[in-house]
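In my numbering, the protein residues as written are 131 to 401.
Don't be surprised by glycine CBs; every beta carbon is placed ideally from N, CA and C.
In this text, all values refer to a predicted model and were calculated from it rather than measured experimentally.
Down below is the structure, laid out as structure tokens.
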């Protein structure tokens with residue numbers, strides 16, 4: 131299901147972002163001129179019935195935040211007269227769909243020298259227990275300093291750091307998650323589209339005002355190295371973890387970054 135090409139659906143969008151009361155202004159596609167007329171169908175009522183009584187939590191960086199907001203708005207479109215939003219500490223809850231801001235999954239400690247990314251520590255794991263579906267992601271944001279094996283360094287190879295942090299998370303899954311009760315999903319890597327040369331568009335330096343997908347069958351730049359790190363780490367986890375492996379499909383959606391001027395990609399993840 132992760133191989134193929136995008137096709138247009140002439141039906142209406144999943145929701146009108148202008149009518150969603152919980153959407154952050156920077157994620158409002160229609161407000162900033164993106165028509166978002168190429169979305170697939172989503173049955174919010176069916177989703178709510180199938181997940182009745184269940185708890186779903188998105189954990190990660192801004193991509194998880196974007197996708198959580200997208201799902202909230204899609205569900206609101208299905209039950210527009212509901213009033214089910216409440217704040218709980220650093221977790222926002224919409225019925226049983228939650229988001230926790232954890233940019234790196236592992237810990238970031240505030241010390242005198244600045245923010246220290248601790249690749250071997252993950253204290254937030256206790257907050258993720260007793261959830262029916264855990265959806266993780268990380269990769270987009272990083273550090274002032276890094277602590278690894280008790281030693282603090284100013285910087286290190288990003289791929290090595292990423293693999294170390296992800297391995298800490300993987301060990302937590304194996305030791306702490308009861309996968310007979312909890313389904314674990316990793317969202318995979320979200321590609322960037324800053325460099326038009328990656329897709330044969332010389333002179334293009336961002337994805338500003340992109341309105342159509344990349345039309346080729348193979349993305350010229352190939353997959354980001356982090357994709358292979360994710361697959362390697364997940365393959366070593368003893369317990370079942372589902373990888374949402376759509377980075378290749380995501381690369382073709384240069385039009386779909388969630389941003390004040392170009393947005394929409396989180397809806398595709400959810401579909």
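Inter-residue spacing [alpha-carbon to alpha-carbon] between residue i and residue j
i: residue 251; j: residue 237; result: 6 Å
i: residue 134; j: residue 281; result: 45 Å
i: residue 355; j: residue 361; result: 10 Å
i: residue 227; j: residue 241; result: 33 Å
i: residue 314; j: residue 202; result: 20 Å
i: residue 340; j: residue 330; result: 15 Å
i: residue 291; j: residue 317; result: 19 Å
i: residue 210; j: residue 177; result: 15 Å
i: residue 379; j: residue 307; result: 30 Å
Reduced DSSP secondary structure (H/G/I, E/B, other) of residue i
i: residue 197; result: helix
i: residue 330; result: coil
i: residue 352; result: coil
i: residue 172; result: coil
i: residue 382; result: coil
i: residue 367; result: coil
i: residue 314; result: strand
i: residue 181; result: coil
i: residue 373; result: strand
Close beta carbons around residue i, own chain, < 6 Å, minus the five adjacent residues each side
i: residue 381; result: 321, 349
i: residue 342; result: 385
i: residue 293; result: 359
i: residue 198; result: 188, 229
i: residue 286; result: 276
Contact set for residue i: own chain, Cβ-Cβ below 8 Å, skip 5 residues either direction
i: residue 296; result: 235, 268, 359, 360, 363
i: residue 298; result: 235, 236, 249, 250, 251, 252
i: residue 270; result: 191, 192, 193, 233, 320
i: residue 333; result: 326
i: residue 173; result: 208
Supposed close pair residue i, residue j - CB separation, criterion 8 Å
i: residue 406; j: residue 357; result: What is shown of the chain runs 131 to 401, which leaves residue 406 out entirely.
i: residue 244; j: residue 274; result: 4 Å
i: residue 262; j: residue 312; result: 6 Å
i: residue 351; j: residue 328; result: 4 Å
Other residues of its chain near residue i: CB distance less than 7 Å, five sequence neighbours each side excluded
i: residue 258; result: 187, 189, 264
i: residue 367; result: 300, 303, 304
Segments assigned alpha helix (DSSP H), at least 4 residues, entirely inside the segment 227-306: 288-306
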